[in-house]
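Chains as they are written, first to last, in UniProt numbering: chain A, 1 to 387; chain B, 1 to 257.
Positions of the beta carbon are idealized from the N, C-alpha and C atoms, including for glycine.
Reading through the structure tokens given below for one structure.
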Amino acid sequence: MTTVARDPATDVDPTPPVEKPAAGPSRHRFRAAAGFALGAALLFAVAPLVLSDFRLSLLAKYLCVAMVAVGIGLAWGRGGMLALGQGVFFGLGGYAMAMHLKLADAGPGNMPDFMMLYGQLDELPLWWRPFASPWFALPATVLLPMAVAFVLGSLVFRRRVRGAYFAILSQALAAAMVILLIGQQGTTGGTNGLTDIQGFFGYDLDDPVNQRMVYFIIAGILLALLALTRHLMQSRYGELLVAVRDGEERVRFLGYDPATVKLVAYVVAAGMAGLAGALFVPAVGIISPALIGIVPSIEFVIGVAVGGRATLLGPVLGAVAVAWARTALSERFPGTWTYLQGLLFVVVVAFLPGGLASLVGLARRRTDGGRRPGPLVRLRRSRVEAG
Amino acid sequence: MTEQLYGLSIRDLRVSFDGFTAVDGVSLDVAPGDIRFLIGPNGAGKTTLVDAVTGLVKATGSVRFGDRELLGRPVHRISRLGVGRTFQTSTVFEELTVLQNLDIAAGARRSWATLLRRRHGVPDEVAEALEVIGLAGRADQLAGTLAHGQKQWLEIGMLLVQDVRLLLLDEPVAGMSHEERDATGQLLEQVSQDRTVVVIEHDMDFLRRFARTVTVLHAGRVLSEGTVAQVQADPRVQEVYLGHPVDAGSAPTATEA
């Protein structure tokens, strides 16, 4: 083994500069840019041309689910946190948006229709009032879920709650939120949720042109979230997150607080789920407890598992595929979908833990042959050639 | 290196689990720049002692590194004071490359702004550590694909880039070939030029070649302490290892535990 003493002699030794821009990243960046261009072409050109208005609005709904999946991919795939309660954050975002839209539909000074029906309230409840302003409601769709995730994550990760305990805790939170919403029918719409949303910032949601616009917004935001997540995964933070996933104690001994590292990924994932919930409302016209409880929370995770949780695109494709299969199959065989979904989950977890994305990796390894030398090997080669 | 060498000073350290006392009033001093070997039969409390120093288990008494008290601080804070350790089983991040492992180890003091950006090239201290531990040619290999000995070196390399001043190594040469042991011993000697090293080891041949001082633990207490020769000549040590006292002449081979 070669050794270089750390004495002053080597410290002043004029060694070649080590910080050398490597050729690798630029190629990666090109491939990523090409991938995003392809994704944008599919979402913005092909899909609107090929799909009917009805199918396009279904796709908009699936893409909202895909946004949640991107966040779960980060928190679970890279961070090891099995977030089985993302419905909570999806719901917080969805309700924040729906409350604003309901108030906007009702017009200034008026109360949403359902409140007069069940609530017998004389005036708007205090906690509804700020949502009348879009300047409060829109940021709240993202910041509210992030704040809740921050508080929950701070409590949970510092106490080293992880694995199945963390998953069960997130499930319990989703259950609690649903119970809370149903119990407060007068101010939340109860089991029905907030329904019959007509307008979206002055645009009539019944108009197919406006529905199409909502689809474009959703597609654009999904691409932006993918770009953000790709950056996070490739940053030093992304490497650290994987290290925390695989060896939390070891990371602690390196001088990091793993709780903080996990918290960041969890809060980001919650923000994405919140945004997804907010965009789901204009796309579908409703938010209700049935859309955010335990079952939908598990369905978010199934899509991610099927697609490949540790990859960037796996969760998106998996989420869309599972949501599409659900619609297609429950149209034809109502009642069997639940069993099929469960079976799918079991098969993937048991036989393909890396999801469908790992098949791509296997195929590539088989065709690629030898490994491409990384930056440091190239650096050493250049040193050898120079010396 | 301009950084100062510090010594480790342990006073009356006690660790109990549910009534069982694993470390029972240990006091010992490791001089700055020393290579101290901790030996003792199974259950002597060697690893528990290291666990207590690094904050993994609760302990009473006092552990000072330089002029800082370590007891009572959380693990990651103790680590930031320059105390690093390895474990009996290798704990490198197998899904990350050698380079990524070292880069993470080097980064505990990085700001969030740095963390959220991509790594470009190879940081100086990481390149240096790659040379020192002899893995420069394997920088882009996944750590999980390394041989056992290489993983242990990577662990030591991670401590180097972390810039720890005190290395606590738990059986670093277990399962290594003779050549790998020699290389590891030379690495320790080199590392101790500006650091203090504590090694838990069962390998007596390795100990004789590379230990500067030795502490023998038995049943949670310090049984004997001194140079290799002094400790080997100590009749109490022979008794613990063999169950009965032997004359000093046969000790060197007899202690081949």
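### Query
What did DSSP end up calling residue 169 of chain B once you bin it into helix, strand or coil?
In the structure shown, residue 169 of chain B sits in a strand (DSSP, three-state: E or B).
### Message
Checking the sheet assignment: what are the DSSP bridge partners for residue 84 of chain B?
### Response
Partner(s): B:167.
#### Entry: residue 219 of chain A versus residue 237 of chain A - alpha carbon distance
Roughly 27 Å between the two C-alpha positions.
### Query
Would a check of beta-carbon distances place residue 235 of chain A closer than 7 Å to chain B?
By this cut-off, residue 235 of chain A is an interface position.
### Task
Flag this pair as touching only if the region 128-146 of chain B and the region 94-108 of chain B have three or more C-beta atom pairs under 8 Å; answer yes or no.
The region 128-146 of chain B, when compared against the region 94-108 of chain B, does touch it at the 8 Å Cβ threshold.
### Message
For the region 237-255 of chain A, list every residue whose C-beta sits within 7 Å of some C-beta in chain B, in sequence order.
### Response
If the cut-off is 7 Å between Cβ atoms, the region 237-255 of chain A has 237, 239, 240, 242, 243, 246, 247, 250, 252, 253, 254, 255 near chain B.
### Query
For the 8 Å Cβ check, are there 3 or more pairs between the region 192-205 of chain A and the region 311-324 of chain A?
With a cut-off of 8 Å, the region 311-324 of chain A and the region 192-205 of chain A do not count as touching, because too few Cβ pairs lie within range.
### Message
Quick check: is the beta carbon of residue 148 of chain B nearer than 7 Å to any beta carbon in chain A?
### Response
Taking a beta-carbon distance threshold of 7 Å, residue 148 of chain B does not count as an interface residue toward chain A.
### Query
Should the region 253-268 of chain A be called in touch with the region 95-106 of chain A, which here means at least 3 C-beta pairs below 8 Å?
No: fewer than three Cβ pairs fall under 8 Å.
### Beta-bridge pairing of residue 62 of chain B - partner residues as DSSP gives them
Partner(s): B:11.
### Message
According to DSSP, simplified to helix, strand and coil, what is residue 286 of chain A?
### Response
For residue 286 of chain A, the secondary structure class from DSSP, reduced to helix, strand or coil, is coil.
### Task
Provide the residue span of the beta strand (DSSP E) that contains residue 37 of chain B, from first to last.
In the DSSP annotation of this structure, the continuous segment of the beta strand (DSSP E) that includes residue 37 of chain B starts and ends at 35-39.
### Message
If we define contact as Cβ-Cβ less than 7 Å, is residue 105 of chain A a contact residue for chain B?
### Response
No, because no Cβ of chain B sits closer than 7 Å to the Cβ of residue 105 of chain A.
### Query
Using a C-beta cutoff of 7 Å, does residue 369 of chain A count as contacting chain B?
With a pLDDT of 45 at residue 369 of chain A, under the threshold of 50, the modelled position of that residue is not reliable, and the figure given next carries that caveat. For residue 369 of chain A, no Cβ of chain B is located within less than 7 Å of the residue's own Cβ.
### Query
Can you tell which of A:359, A:182, A:254 has the C-alpha that lies nearest to the C-alpha of residue 289 of chain A?
A check of alpha carbon separations from residue 289 of chain A across A:359, A:182, A:254 identifies A:182 as the nearest.
### Neighbour flag for residue 80 of chain B against chain A, beta carbons, 7 Å
Interface residue, yes.
### Query
Which bits of chain B does residue 196 of chain A rub up against, with CB to CB less than 7 Å?
Residues of chain B whose Cβ lies closer than 7 Å to the Cβ of residue 196 of chain A do not exist; the shortest such Cβ separation is about 42 Å.
### Task
Counting only the same chain and skipping the five closest in sequence on each side, list residues whose C-beta sits under 7 Å from that of residue 324 of chain A.
Residues of the same chain with a CB within less than 7 Å of the CB of residue 324 of chain A, apart from the 5 flanking positions on each side, are 62 in chain order.
### Message
Check whether chain B comes within 7 Å of residue 393 of chain A, counting only Cβ atoms and requiring the distance to be less than that.
### Response
Absent from the structure is residue 393 of chain A, since the part of chain A shown begins at 1 and ends at 387.
### Query
Helix, strand or coil for residue 255 of chain A per DSSP?
Here residue 255 of chain A sits in coil by DSSP.
### Query
Just the Cα atoms here: how many angstroms apart are residue 218 of chain B and residue 104 of chain B?
About 37 Å.
### Task
Just the C-alpha distance for residue 240 of chain B and residue 224 of chain B, rounded to the nearest angstrom, thanks.
Approximately 11 Å between the Cα atoms of the pair.
### Task
Write down the C-beta distance between residue 89 of chain B and residue 253 of chain A rounded to the nearest angstrom, noting that I regard them as a contact closer than 8 Å.
Going by Cβ atoms, the distance from residue 89 of chain B to residue 253 of chain A rounds to 14 Å, so no, they are not a contact pair.
### Query
Shorter than 7 Å from the beta carbon of residue 75 of chain B to some beta carbon of chain A?
By this cut-off, residue 75 of chain B is an interface position.
### Query
Is any beta-carbon of chain A found at less than 7 Å from that of residue 200 of chain B?
So, not an interface residue.
### Query
Near residue 79 of chain A, what residues of its chain come up, given a Cβ to Cβ distance below 6 Å and the 5 sequence neighbours on each side ignored?
A distance below 6 Å between beta-carbons, with the five flanking residues on each side excluded, links residue 79 of chain A to the following residues of its chain, in chain order: 241, 245, 262, 265.
#### Entry: Own chain, CB closer than 6 Å to residue 147 of chain A, minus 5 neighbours either side, in chain order
Here the set comprises nothing.
### Message
Strictly by DSSP, which residues pair up with residue 225 of chain B?
### Response
Answer is B:215, bridged to residue 225 of chain B.
### Task
For the beta strand (DSSP E) containing residue 28 of chain B, list its first residue and its last residue.
Run containing residue 28 of chain B: 20-30, per the beta strand (DSSP E) assignment.
### Query
Based on Cα-Cα distance, which residue from B:33, B:28, B:236 lies nearest to residue 190 of chain B?
Relative to residue 190 of chain B, the option among B:33, B:28, B:236 whose CA is nearest is B:33.
### Same chain, Cβ closer than 6 Å to residue 174 of chain A, neighbours up to 5 away in sequence not counted
Setting aside the 5 residues that flank it on each side, residue 174 of chain A is surrounded in the same chain by 85, 87, 88, 293, 294, 297, each with a C-beta closer than 6 Å to its C-beta; the list follows chain order.
### Task
List the whole-angstrom C-beta distance separating residue 237 of chain B from residue 216 of chain B, where the pair is believed to meet the contact cut-off of C-beta under 8 Å.
Rounded, the Cβ-Cβ distance is 5 Å, consistent with contact.
### Query
So which residues on chain B does residue 113 of chain A lean against when the C-beta distance must stay under 8 Å?
Chain order gives no chain B residues near residue 113 of chain A, where near means a beta carbon separation below 8 Å; the closest approach is about 45 Å.
### Query
Going straight from the alpha carbon of residue 87 of chain B to that of residue 171 of chain B, what length do you get?
Taking the straight line joining both Cα atoms gives about 8 Å.
### Any chain B beta carbon closer than 7 Å to residue 257 of chain A
It does; some Cβ of chain B falls within 7 Å.
### Task
Decide yes or no for the touch test of the region 160-176 of chain B against the region 185-199 of chain B: beta carbon pairs closer than 8 Å, at least 3 of them.
A contact exists between the region 160-176 of chain B and the region 185-199 of chain B.
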